[in-house]
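Here's the structure we're looking at; comments come further down.
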Amino acid sequence: MYRQAKWDEPLIFELSRPGRVGYTLPKPIEDINVEIPEKLKRKTPLELPELSEPEVVKHYTRLSEMNYGVDSGIYPLGSCTMKYNPKINEEIAAHPKVAFIHPYQDERTIQGALQIMWELEQWLKEITGMDRFTLQPAAGANGEFTGVMIIRAYHLDRGETQRNEILVPDSAHGTNPASAAMAGFKVIEIPSNENGTVDLEALENAVSERTAGLMLTNPNTLGIFEDEILEIAKIVHKAGGLLYYDGANLNGILGRVRPGDMGFDIVHLNLHKTFSTPHGGGGPGAGPVGVKDFLKDYLPVPLVAYDEENDRYYLDYNVPKSIGKVKELFGNFAVLVRALVYLKIMGKDGLKEVSDVAVLNANYLTRKLKGTRGYELPHKELRKHEVVFSAEPMKRETGVRTLDVAKRLLDFGLHAPTIYFPLIVSEALMIEPTETVSKEELDAYVEALKKISEEAYTNPEVVKSAPHNTAVRRVDDVLASKRPIITWKMYKELKEKGEIDY
Amino acid sequence: MAKHYIPNSAHKEEMLKEIGISSIDELFADVPKEVMREFNLPEGKSEYEVFLEMNKILEKNKTVLEMPTFLGAGTYFHYIPAHVKYLIERSEFLTAYTPYQPEISQGMLQALFEYQSLIAELVGLPVVNSSMYDWGTAMAEAALMTVRLHRGKRKKFVVPAHTHPERLQVLKTYGAGPGVEVVTVKWNEKGQVDIEDLKEKVRDAAGVYVEIPNFFGLLEENLKEIGEITHEAGAYFVVGVDPTILGIVEAPGALGADIVVGEASYFGNPMNFGGPRAGIFAVKNDMKLIRQMPGRIIGITKDAEGKRAFVMTLQTREQHIRRAKATSNICSNEALVAVAAAIHLASLGPRGLRELGEIILKNTAYLKKRLSEVAEIPFDGVNFKDVLVKFERPYPEIHEELLKRNIHGGYYVKPHFPELGESALFAATETTRKEWVDALIDALKEVV
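Below you can see the structure in the form of structure tokens.
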């Protein structure tokens, strides 16, 4: 039986003992006396913790033991593509020739860095069918914002100022409408049909001379391939809109089909998903954006270019209609390095193998779980990299909700799937096993879900009160938002006043 | 052949049989045939071959360890204690995702809560999110937030003309959609915000932004006064800060800032050619502001047994719930970078942070003193890290001569600020060595 480490680990502030230091600094070059202007001098006492290095190390080691990562076990969060992160990626990214270079160095001293970016772009272009990439965006949503700003710039440039609507399917990631809104667009939601794909009639009715573009992920968030994609592209293009590809689910078609060939004009990729760079508990990511040739003049500056004649890489600021910058400097370079290492090792054959097995695993799991009491499979059966089950029958028949199922999975040392998303499936469980889990792990996951179903119908309390084997028991998130305690100081004050007992 | 990252590539047949189909291609039957294709990519290589290949490419980079480098301008060479790197590379942190399941993610949640608490101490504001992409995006989102707080009735965001140019560009891109009007304020003879010009421009502003140290590396002495002027005009006061200075300089929150942004990656993270980074975002404890704030916040709650626990909170502002009405689209943030910063900060403690500030101040002063032997220092004031230096000879020529001598000079400022002539920013930190500065000055004496 799984047991997660359970330390009563104090906050680092609570471990503090006056006088201890965790790091010794070098001496200044010369002991010059420089006075900070009186009105700027720090007068507010600085209450930082005081600890020696071994204490710092033990504290964070214990914390890490109370955290679950991909290296701890299966992590099938749908639409998040939590695959194994090869260790060689880390080793190369930690190279001093990556860590100790300054972004403003003379181009002659950073040819390696620029070559890495240029080479990565060549791979991404071929993988997506796009003509030019920016590697600047720091994450998928930053990439989405870049993409919709390019859409905006394109229409404005053509004098089509009335194009102020972005269409998104109701199954879309929440970042899609948020990114479109941030770029100043009105968001129009397109319903899905009974197959779980975009309803063509609804799309036809929604497009107009106000349409700036459609944001779509394919395979979509149900794990279903939008098989009418060529028709969708035709409808959007005919209306004068652009087609935007949300690359979150690229893992499902990698090495087989390219967004560019399906009619997409812009894509963003999530290097941290498809190309195996670690998520770090929420970031850093990297969200490169690729465009077809007719949009390349709008990309953020600078682009990386290669001068073949002189065998020289350089930063190209000559992007005539650039949207500007979406982040400082050139992007999350250390993440880009990891992605390139992965690509070189996988190669053409390996990348196709990724989608083959990712899709195989998802369908295998679907088949194995299908028919289990309490779970139903809405929409059609054939899935790509992920599958969405609904635990609606279980809730109706036993009172056990999807949330409870997710919490109970944790007791088996298995990460929960994405839950309650997409919004169009009630009591949704969105499972994405990825290609890096074994058959045995898939079987164990299915077994656990079956066991939970059995428990729901015989002993629902054990599921409703889960998890039991984790560092803490079920967490009260309603209390957290009703009474926000978001720093150590707030916590200390409330505790001292006796207003809280936790 | 089976792939070493893909266990089941050895068992495809068996699994296909269990699904009841005969080939993988059947799983792609719904993909239109006309768009399927063979990819024009190289074949995969062994790990060893790629290791060699990447090392060969990286050889072409010359690091700051191989040549004295005086570049700063927003990116600085700080030393990262070895244990910081060691700890954040623990795979339970490194390979985790956003802590959607708090019960098995307490480690990351507590570490991020501690980050929030540490930054809150530094900046003097109690509400800190668990990171933005970088300083620039944090500043841009702060601007959008001040406009939202005025319900779109005020769209003007006032910034010094000497704001970091990259940040200014990010602000303009982010501001384009909602129609934020960016207005710049002149600098005075001391290279600091011109108060009279600010008073002219602050009217009807949604927010006013100031950086400390500013782009010229100078401390803005009138920070508090600028805050008062801003508040009198009914605008929000946004301060951008390099947090390595906050052991010796007053917390911006105590000087009147409503929102503080900055760069957390200066602690715990190497330069990495400019990324990843982590933007600081902090606000006053005011629900009106908190509801409009972008990004994730970690809070304390209790578990079913009444025990203290950590969880992502106040999520009703986020895109996965609010979709088009979210306060921001930020989803993946820079959690690991933030944790590294927290570990570094916790290791420094109050004394270490103060010492760090003092050493940088002294090293910068030494660099400035020596530079004044060979060039003009246009602005008099206290410098932290960056020093603006003006030469008579075109700076690119000087840069070339320095590079020949294996020294990397400063950041050429003229392309952004032609009015400053042949000037460049030279920077020092705690990592700067005396022999590097002396070599620089010797070389400059030959070439200016």
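Just so you know, the sequences run in chain order Y and A.
With this note's numbering, the residue at position 59 of the first sequence is 59, and numbering never jumps.
With this note's numbering, the residue at position 188 of the second sequence is 188, and numbering never jumps.
Just so it is clear, CB atoms sit at the ideal spot from N, CA and C, and this is done for glycine as well.
For residue i, go through chain A and note every residue whose CB falls closer than 8 Å to its CB, in chain order.
{"i": "Y/F100", "result": "T63, V64, L65, F77, P270 and M271"}
{"i": "Y/H385", "result": "In chain order: nothing, as chain A lies at least about 10 Å away."}
{"i": "Y/S481", "result": "G299, T313, L314, Q315 and T316"}
Go to residue i, then tell me how far its beta strand (DSSP E) extends in each direction, as first and last residue.
{"i": "A/F426", "result": "S423 to A427"}
{"i": "Y/P86", "result": "It is not in any beta strand (DSSP E) - Y/P86 carries neither H nor E in the DSSP assignment."}
{"i": "A/I298", "result": "I297 to K302"}
{"i": "Y/L167", "result": "E165 to P169"}
For residue i and chain Y, any beta-carbon pair shorter than 8 Å?
{"i": "A/Y236", "result": "no"}
{"i": "A/N40", "result": "yes"}
{"i": "A/E376", "result": "no"}
{"i": "A/M145", "result": "no"}
{"i": "A/H150", "result": "no"}
{"i": "A/D303", "result": "yes"}
{"i": "A/K60", "result": "yes"}
{"i": "A/K156", "result": "no"}
{"i": "A/I330", "result": "yes"}
Report the CB separation of residue i from residue j in whole angstroms; it is logged as a contact under 8 Å.
{"i": "A/M271", "j": "A/T95", "result": "With a Cβ gap of about 24 Å, A/M271 and A/T95 do not count as contacting."}
{"i": "Y/K384", "j": "Y/V359", "result": "5 Å"}
{"i": "A/V182", "j": "A/K201", "result": "That belief does not hold up - the Cβ atoms of A/V182 and A/K201 are roughly 11 Å apart, past 8 Å."}
{"i": "A/V128", "j": "A/A282", "result": "4 Å"}
{"i": "A/L125", "j": "A/G253", "result": "4 Å"}
For a contact defined as C-beta to C-beta under 9 Å, what are the partners of residue i on chain Y?
{"i": "A/K307", "result": "D8, V472, R473 and Y502"}
{"i": "A/A176", "result": "M149, R152, A153, A183, G184, I323 and G324"}
{"i": "A/A382", "result": "One point to set straight first is that residue 382 of chain A is Val, not Ala, in the sequence displayed. Ordered by position in chain Y, the residues that pass the 9 Å Cβ test against A/V382 are V34, E35, I36, P37 and L40."}
Please name the residue, chosen from the options, that lies closest to residue i on a Cα-to-Cα basis.
{"i": "Y/E204", "options": "Y/M215, Y/I224, Y/I232 and Y/N220", "result": "Y/I232"}
{"i": "Y/E119", "options": "Y/G196, Y/K344 and Y/I500", "result": "Y/K344"}
{"i": "A/R291", "options": "A/K390, A/L149, A/D438 and A/E121", "result": "A/L149"}
{"i": "Y/L271", "options": "Y/K395, Y/A416, Y/L124 and Y/A239", "result": "Y/L124"}
{"i": "A/R37", "options": "Y/V289, Y/P259 and Y/E91", "result": "Y/P259"}
{"i": "A/N329", "options": "A/N383, A/T316 and A/V337", "result": "A/T316"}
{"i": "A/G274", "options": "Y/G331, Y/R367 and Y/M130", "result": "Y/G331"}
{"i": "A/F77", "options": "A/R90, A/T63 and A/Y86", "result": "A/T63"}
{"i": "Y/H173", "options": "Y/K43, Y/E144 and Y/N195", "result": "Y/E144"}
{"i": "Y/I517", "options": "A/G409, A/I300 and A/N222", "result": "Outside the shown range of chain Y, which is 1 to 502, sits residue 517 of chain Y, and nothing can be said about it."}
{"i": "Y/L135", "options": "Y/D199, Y/D261 and Y/K325", "result": "Y/K325"}
{"i": "Y/E441", "options": "Y/H379, Y/G371, Y/Y364 and Y/L494", "result": "Y/Y364"}
{"i": "A/M287", "options": "Y/S481, Y/N249 and Y/E309", "result": "Y/S481"}
{"i": "Y/L467", "options": "A/P102, A/N40, A/L16 and A/N61", "result": "Here residue 467 of chain Y is Pro; the residue named in the question, Leu, does not match the sequence. Ranking the options by Cα distance to Y/P467, first place goes to A/P102."}
{"i": "Y/G213", "options": "Y/F333, Y/S72 and Y/N164", "result": "Y/N164"}
{"i": "Y/V341", "options": "Y/P86, Y/V357, Y/E47 and Y/I74", "result": "Y/P86"}
{"i": "Y/V354", "options": "Y/E91, Y/I253, Y/E432 and Y/V335", "result": "Y/I253"}
{"i": "Y/I266", "options": "Y/L243, Y/R152 and Y/G280", "result": "Y/L243"}
{"i": "Y/A99", "options": "A/I80, A/S117, A/M108 and A/Y115", "result": "A/I80"}
Against chain A, with Cβ distances strictly below 8 Å, would residue i count as a contact?
{"i": "Y/P49", "result": "yes"}
{"i": "Y/G26", "result": "Position check: residue 26 of chain Y holds Pro in this sequence, whereas Gly was assumed. Judged by the 8 Å Cβ criterion, Y/P26 is in contact with chain A."}
{"i": "Y/Y457", "result": "no"}
{"i": "Y/Q115", "result": "yes"}
{"i": "Y/D171", "result": "The question names Asp, yet the displayed sequence has Ser at residue 171 of chain Y. It does not: the Cβ of Y/S171 has no partner Cβ on chain A nearer than 8 Å."}
If I follow the unbroken alpha helix (DSSP H) through residue i, where does it start and stop?
{"i": "A/M15", "result": "K12 to I19"}
{"i": "Y/I235", "result": "I229 to K238"}
{"i": "Y/S64", "result": "E53 to E65"}
{"i": "Y/Y491", "result": "W488 to E496"}
{"i": "Y/M182", "result": "T175 to M182"}
{"i": "A/F51", "result": "E47 to L58"}
{"i": "A/K385", "result": "First-last for A/K385: undefined, no H or E at that position."}
{"i": "Y/A480", "result": "D477 to K482"}
List the residues of chain Y whose Cβ lies closer than 8 Å to the Cβ of residue i, in chain order.
{"i": "A/T432", "result": "I29"}
{"i": "A/E18", "result": "Y364, R367 and K368"}
{"i": "A/M293", "result": "None at all; the shortest Cβ gap to chain Y is about 11 Å."}
{"i": "A/E114", "result": "L11, I12, F13 and W488"}
Anything in chain A within Cβ reach of residue i, meaning under 7 Å, just list it in chain order.
{"i": "Y/K344", "result": "K45, V50 and E53"}
For a test of your reading of the model: does the CB of residue i fall under 7 Å from any non-hydrogen atom of the ligand HEM? Yes or no.
{"i": "Y/E121", "result": "Annotation note on the ligand HEM: not contained in the displayed structure, which lists no ligands."}
Give me the chain Y residues within the contact set of residue i, using Cβ-Cβ distance strictly less than 7 Å, ordered along the chain.
{"i": "A/D30", "result": "F225, D227 and L382"}
{"i": "A/T137", "result": "K327"}
Name the chain A residues that come within less than 9 Å of residue i, Cβ to Cβ?
{"i": "Y/I110", "result": "K60, N61, K62 and F273"}
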